[in-house]
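Enquirer:
Residue numbers (the working numbering): 4 to 76.
1. Along the chain, where does the alpha helix (DSSP H) that runs through residue 17 open and close?
2. On the CB-based measure, 16 or more other CB atoms within 10 Å of its CB, does residue 49 come out buried or exposed?
3. Could you give the DSSP three-state label for residue 61: helix, strand or coil?
4. Could you give the DSSP three-state label for residue 44: helix, strand or coil?
5. Give a yes or no on whether the C-beta atoms belonging to residue 72 and residue 32 are separated by under 7 Å.
6. I need the straight-line Cα distance from residue 56 to residue 42, nearest angstrom please.
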């Protein structure tokens, strides 16, 4: 995994750890997705979507779900 992807994975996991306090996991995943849409530039979003579709093993479950939602946008 490249340093760029490692950094994106860490950020996605950190964001999802914050939202993981939400008991409704669908709502939590939506929150992660919205945060990434607001805060990340398009190239970053494209890179994390590509990583998630090819491997995704470094992402926690909530981050994985949020990125699936993001890919559907």
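Every residue, glycine too, gets a C-beta built ideally from N, C-alpha and C.
Since the model is a prediction, treat every value here as computed from it, not as a measurement.
Expert: Quick look at the numbers:
1. Taking the chain shown and counting its residues from 1, the one referred to as residue 17 is at position 14. Residue 17 -> alpha helix (DSSP H) spans 6-22.
2. Here residue 49 refers to the residue found at position 46 of the chain shown. It is exposed - the Cβ of residue 49 has fewer than 16 other Cβ atoms within 10 Å.
3. As a position in the chain shown, residue 61 is number 58, starting the count at 1. DSSP places residue 61 in coil when its eight states are reduced to three.
4. Against the chain shown, residue 44 aligns to sequence position 41. DSSP, reduced to helix, strand and coil, places residue 44 outside both helices and strands of the structure shown, so it counts as coil.
5. Residue mapping note: residue 72 aligns to position 69 of the chain shown, counting from 1. Residue mapping note: residue 32 aligns to position 29 of the chain shown, counting from 1. The answer is yes: Cβ separation under 7 Å.
6. One-based indexing of the chain shown puts residue 56 at position 53. One-based indexing of the chain shown puts residue 42 at position 39. CA-to-CA, the gap between residue 56 and residue 42 works out to about 21 Å.
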